[in-house]
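Those letters in the sequence shown? Residues 1 to 196, by UniProt numbering. All C-beta atoms, glycine included, are put in the ideal place defined by N, C-alpha and C.
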Amino acid sequence: MHIKEYRIVLPMSVEEYQIGQLYSVAQASKQETGGGEGVEVLVNQQFDDIPLFNGKYTSGQYTHKIYHLESKVPSIVKAILPKGSMAIHEHAWNAYPYCKTELTNPDYMKDNFFVRIETIHLDNDRGHTKNAHHLPDNILRNREVVHIDIANDKEFLYSSDIVDETSPSKFHSSKADRGPLHGSWRKKHSTGYVCI
């Protein structure tokens, strides 16, 4: 089992991030859906009495989605893969500020593909919480921590993918009076923080 912990500091509060997250998920689903492709929502319902994050959170929103990815791969790959191999099932329990997501490919890879993503959103944290997920020592020793600086566009993006209107290093929000973010912004920024 491989455990990677990504620490992403954002210049906003946990409450502000929740609004942005809901908007972003809805927009991405809308943009990627159409013509039998994209995101298919099978279940979207409230859940109660399901203990998550060591029982700290027990209610929220459960979704089961299927991501149809056939149009995202080259035609040569589509030609050799069997039907259903490009359908990723997502089961998500959103008990914000905690969320657990599990990805599987039951039609093709069966039990050989399983990804679990656990996210905890921490207020006023600049990415320094040592064990945010309360992992036991044996797992903690094998965990790899990756700090992602959202203002460093070139770290994870090709220059052709950097758009001024959405780049944290270029965009200024007049409404929130934030940005652009440069240099050691995580140390200098004075408003609330959320680390995910």
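What are the residues that DSSP puts in a beta bridge with Y158?
For Y158, which the question treats as bridged, DSSP gives no partner whatsoever.
Pairs of beta-carbons, one from the stretch 11 to 23 and one from the stretch 119 to 127, closer than 8 Å: are there three or more?
Contact between the stretch 11 to 23 and the stretch 119 to 127 is established, with three or more Cβ pairs separated by less than 8 Å.
When you compare each of K65, M86 and T63 to P74 by their alpha carbons, which one comes out closest?
Closest by alpha carbon: M86.
Starting from G20, trace the alpha helix (DSSP H) in both directions and tell me its first and last residue.
Its alpha helix (DSSP H) spans residues V14 to E32.
In the DSSP assignment, what residue or residues form a beta bridge with V73?
In the DSSP assignment, V73 forms no beta bridge with any residue.
Can you tell me which residues form a DSSP beta bridge with W93?
Y62 and K100.
Can you tell me where the beta strand (DSSP E) with residue 197 in it begins and where it stops?
A question about residue 197 goes unanswered here, because the residues of the chain that appear run from 1 up to 196.
Assuming K110 is part of the beta strand (DSSP E), what are its boundary residues?
Residues K110 to I120.
Which of the three DSSP states, helix, strand or coil, is assigned to D123?
Looking at D123 - three-state DSSP - the assignment turns out to be strand.
Looking at K130: is its Cβ nearer than 8 Å to the Cβ of L52?
In this structure, K130 sits away from L52, with a CB-CB distance that is not shorter than 8 Å.
Limits of the unbroken alpha helix (DSSP H) element including residue 203
In the structure displayed, the chain extends from 1 to 196; residue 203 sits before or after that span and is not available.
Could you name the residues of the same chain whose beta carbon sits closer than 7 Å to that of K4, not counting the 5 residues immediately before and after it, in chain order?
Short of 7 Å from the beta carbon of K4, and not among the five residues preceding or following it, lie these beta carbons of its own chain, in chain order: E144 and V146.
Which residues does DSSP list as the beta-bridge partners of F171?
The bridge partners DSSP lists for F171 come to none.
Nearest neighbour of residue 252, chosen from T63, K78 and K30 [CA to CA]
There is no way to answer for residue 252, as the model of the chain reaches only from 1 to 196.
For a test of the three-state rule: what should DSSP assign to I80, helix, strand or coil?
I80 sits in a helix when the DSSP states are folded into three classes.
Bridge partners of I88, per DSSP?
Partner(s): Y67.
Roughly how many angstroms separate the alpha carbons of L22 and P97, rounded to a whole number?
Rounded to the nearest angstrom, the gap between the Cα atoms of L22 and P97 is 12 Å.
Mapping DSSP to helix, strand and coil, what is R143?
Three-state DSSP puts R143 in coil, outside helix and strand.
P82: buried (16+ other C-beta within 10 angstroms of its C-beta) or exposed?
The residue in question, P82, is exposed, as its Cβ has fewer than 16 Cβ neighbours within 10 Å.
Beta-carbon separation of G60 and W93 under 8 Å?
In contact: G60 and W93 (Cβ atoms closer than 8 Å).
Can you tell me the Cα-Cα spacing of R7 and G127, whole angstroms?
Looking at the backbone, the Cα of R7 and that of G127 are separated by about 6 Å.
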